[in-house]
Amino acid sequence: MTSRTCLSIILAAGEGTRMKSAKPKVMHEIAGLPMISHVMGAAQAAGAGDVALVVGNGAEAVLKAVPEGTEHVVQQERLGTAHAVLAARAAIARGYDDVLVMFGDTPLVEPSVLNSARASLANGAAVVVIGFRPANPAGYGRLIEDGEKLVAIREDKDCSEAERAIDFCNSGLMAMSGADALSLLDAVGNANAKGEFYLTDVVAIANQNGLPVVALEASYENALGINNRAELAEAEAIWQARKRRAMMLDGVTLTAPDTVFFAHDTEIAADALIEPHVVFGPGVKITGNAKIRAFSHLEGATVGGGCEVGPYARLRPGAVLGAKAKVGNFCEVKNATIEAGAKVNHLSYIGDARVGANANIGAGTITCNYDGYSKFITDIGANAFVGSNSALVAPLKIGDGAYIASGSVITEDVPEDALAFGRARQKTLPERGRQLRERRAAAKK
18 MTSRTCLSII
28 LAAGEGTRMK
38 SAKPKVMHEI
48 AGLPMISHVM
58 GAAQAAGAGD
68 VALVVGNGAE
78 AVLKAVPEGT
88 EHVVQQERLG
98 TAHAVLAARA
108 AIARGYDDVL
118 VMFGDTPLVE
128 PSVLNSARAS
138 LANGAAVVVI
148 GFRPANPAGY
158 GRLIEDGEKL
168 VAIREDKDCS
178 EAERAIDFCN
188 SGLMAMSGAD
198 ALSLLDAVGN
208 ANAKGEFYLT
218 DVVAIANQNG
228 LPVVALEASY
238 ENALGINNRA
248 ELAEAEAIWQ
258 ARKRRAMMLD
268 GVTLTAPDTV
278 FFAHDTEIAA
288 DALIEPHVVF
298 GPGVKITGNA
308 KIRAFSHLEG
318 ATVGGGCEVG
328 PYARLRPGAV
338 LGAKAKVGNF
348 CEVKNATIEA
358 GAKVNHLSYI
368 GDARVGANAN
378 IGAGTITCNY
388 DGYSKFITDI
398 GANAFVGSNS
408 ALVAPLKIGD
418 GAYIASGSVI
428 TEDVPEDALA
438 FGRARQKTLP
448 ERGRQLRERR
458 AAAKK
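For what it's worth, our numbering labels the leading residue of the sequence shown as 18, then goes sequentially.
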């Protein structure tokens, strides 16, 4: 396929009124990535080196989600799918072997489906229509075949009783020979009730001209178009199921797969263990056989081999864990490096910091990194020990091997191997507890 040139025309001008949203439909996300980006990724993976994006309302937002410099054209009027494709006339006219017509709201289409369509073009087809078999075909256009030839696409309302019994339906996805694309599209008329130019008419026109037209079958998932929030949730579930299976086949253990949620770019090395109810936001990379325990949330984080995270831990963007580091229950790490073998075990917040190798952070410790205006760095050396319930007020440097007494508020740098206290001296008053109780009891009478 690499020897054939290809143009993908992606239609993304729909307003998506049924989404009931202020943002364009194709900007709604699957696995943390806008639908339009999923579609463009599939096109690129199928070898469609050139993309022409047809946009409409909300074009500025859509263009921010695609690579800078992506060729695009604004569809000023919405007069049907063939009219939308012809908005990219200038791109088609440059001359390509293959032309793919895709939709920005069909985010689950796989490169293999597009490659199959291109292979059919390479074998002589002039038009290739991608069909699918929904559980309930009512409302879909039917693909009418005669042997291996696609004769027509019949809209549901125009089907005969026999045709309505056909369960092979039109997905909307189409591929055309670049040599025939413009002549076929220009021949589409609008003599119909809505006065629109329908892409499906290309099939009949190609047949009239004696050009080969075929249909290929894809799964329901590949054809799923998103029109409302319910369908968006369905697509998310399908994407997650695909990703979970791919992860497990690649050697990642998911103890309760249906409860784990991935982002579009999650990377996990083989032999990692993911316990139930873990959520991966964008930008997570696990490089070795780490254990991510239950109910943890990771985003923008890198986790080294042999690490243990959670349960109930949160790694925010910029968190980097070295080999065999540990971030335990109810801990939060943000924009901080936890070096090899270091431990942040319980109920702690480490933000804008470095925790040196094999250091130990006691329960309830926080780095006080923000003064209301600016962020400051806390640097904790290797083999340091920070006692429980300590507050480390940045900017601050704690040297290698230093020891911070429990309950301290540390505001000045601590040299290596030093012991630092930052708490009030305890004072004990004998009998004063009993006297206090008696006084309060008397006050209630």
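For glycine and all other residues, C-beta sits at the position ideal for the given N, C-alpha and C.
By a C-beta neighbour count over all protein chains shown, 10 Å radius and 16 as the cutoff for buried, is residue i buried or exposed?
{"i": "A192", "result": "buried"}
{"i": "A105", "result": "buried"}
{"i": "K360", "result": "buried"}
{"i": "E94", "result": "exposed"}
{"i": "Y113", "result": "buried"}
{"i": "K174", "result": "exposed"}
{"i": "G64", "result": "buried"}
{"i": "V91", "result": "exposed"}
{"i": "P447", "result": "exposed"}
{"i": "M265", "result": "exposed"}
{"i": "K392", "result": "exposed"}
{"i": "R454", "result": "exposed"}
{"i": "S129", "result": "exposed"}
{"i": "T428", "result": "exposed"}
{"i": "A459", "result": "exposed"}
{"i": "Y366", "result": "buried"}
In whole angstroms, what is the alpha-carbon distance linking residue i and residue j?
{"i": "E127", "j": "V56", "result": "9 Å"}
{"i": "L80", "j": "L24", "result": "18 Å"}
{"i": "A221", "j": "A196", "result": "17 Å"}
{"i": "A143", "j": "A198", "result": "8 Å"}
{"i": "G424", "j": "N244", "result": "56 Å"}
{"i": "E238", "j": "G97", "result": "24 Å"}
{"i": "L364", "j": "N187", "result": "55 Å"}
{"i": "A232", "j": "D203", "result": "22 Å"}
{"i": "G148", "j": "S236", "result": "8 Å"}
{"i": "A107", "j": "L228", "result": "24 Å"}
{"i": "G373", "j": "K462", "result": "58 Å"}
{"i": "L103", "j": "A263", "result": "38 Å"}
{"i": "E88", "j": "F120", "result": "16 Å"}
{"i": "R159", "j": "A273", "result": "40 Å"}
{"i": "N377", "j": "V337", "result": "16 Å"}
{"i": "A419", "j": "V403", "result": "8 Å"}
{"i": "N226", "j": "S54", "result": "36 Å"}
{"i": "E178", "j": "A169", "result": "16 Å"}
{"i": "E46", "j": "P334", "result": "19 Å"}
{"i": "E213", "j": "A223", "result": "19 Å"}
Have a look at the options and flag the residue whose alpha-carbon is nearest the alpha-carbon of residue i.
{"i": "A69", "options": "G86, A437, E433", "result": "G86"}
{"i": "F414", "options": "L453, G424, K166, D430", "result": "The amino acid occupying residue 414 in the given sequence is Lys; Phe does not appear at that position. Closest by alpha carbon: D430."}
{"i": "T123", "options": "I285, L167, P51, A134", "result": "P51"}
{"i": "G317", "options": "N306, E172, G300, G327", "result": "G300"}
{"i": "R371", "options": "A380, H363, G381, A357", "result": "A357"}
{"i": "D282", "options": "A29, A30, A48", "result": "A48"}
{"i": "V320", "options": "Y113, P328, K343", "result": "K343"}
{"i": "E234", "options": "A307, S137, D203, A182", "result": "S137"}
{"i": "V145", "options": "Y390, L216, V277, E172", "result": "L216"}
{"i": "P412", "options": "V403, G404, A419, T395", "result": "T395"}
{"i": "G141", "options": "S194, L201, N377, A110", "result": "S194"}
{"i": "F297", "options": "A29, K392, R261, A287", "result": "R261"}
{"i": "G439", "options": "G345, Q61, G156, V426", "result": "V426"}
{"i": "V71", "options": "A210, V118, I367", "result": "V118"}
{"i": "C348", "options": "D67, G379, Y387, L241", "result": "G379"}
{"i": "A399", "options": "T384, D434, G368", "result": "D434"}
{"i": "V83", "options": "M44, R111, T384, W256", "result": "M44"}
{"i": "Q61", "options": "A29, A110, N375, N132", "result": "N132"}
Between which two residues does the beta strand (DSSP E) harbouring residue i extend?
{"i": "I355", "result": "349 to 355"}
{"i": "D396", "result": "395 to 397"}
{"i": "S25", "result": "23 to 29"}
{"i": "I383", "result": "383 to 385"}
{"i": "E248", "result": "Careful: E248 lies outside any beta strand (DSSP E), inside the alpha helix (DSSP H) at 246 to 266."}
{"i": "G368", "result": "366 to 372"}
{"i": "A408", "result": "408 to 410"}
{"i": "V72", "result": "67 to 72"}
{"i": "R159", "result": "159 to 163"}
Over the uninterrupted alpha helix (DSSP H) stretch that includes residue i, give me the two end residues.
{"i": "G189", "result": "Looking at the DSSP string, G189 is not in any alpha helix (DSSP H); the run it does join, the beta strand (DSSP E), is 186 to 194."}
{"i": "M119", "result": "Not the alpha helix (DSSP H): M119 falls in the beta strand (DSSP E), residues 115 to 120."}
{"i": "T98", "result": "98 to 103"}
{"i": "R181", "result": "178 to 181"}
{"i": "A286", "result": "That residue, A286, is in no alpha helix (DSSP H); it is neither H nor E in DSSP."}
{"i": "G58", "result": "52 to 62"}
{"i": "Y237", "result": "237 to 240"}
{"i": "I109", "result": "106 to 110"}
{"i": "K81", "result": "76 to 81"}
{"i": "R451", "result": "449 to 460"}
{"i": "A136", "result": "128 to 139"}
I'd like to know if residue i contacts chain D, where contact means its C-beta is closer than 8 Å to some C-beta of that chain.
{"i": "S391", "result": "The displayed structure is made up of one protein chain only, and chain D is not part of it."}
Cβ contact check for the segment 308 to 315 and the segment 284 to 293: 3 or more pairs under 8 Å: yes
Cβ contact check for the segment 157 to 169 and the segment 243 to 259: 3 or more pairs under 8 Å: no
At least three beta-carbon pairs within less than 8 Å, the segment 59 to 77 to the segment 27 to 44: Here the segment 59 to 77 lies against the segment 27 to 44, with 3 or more beta-carbon pairs under 8 Å apart.
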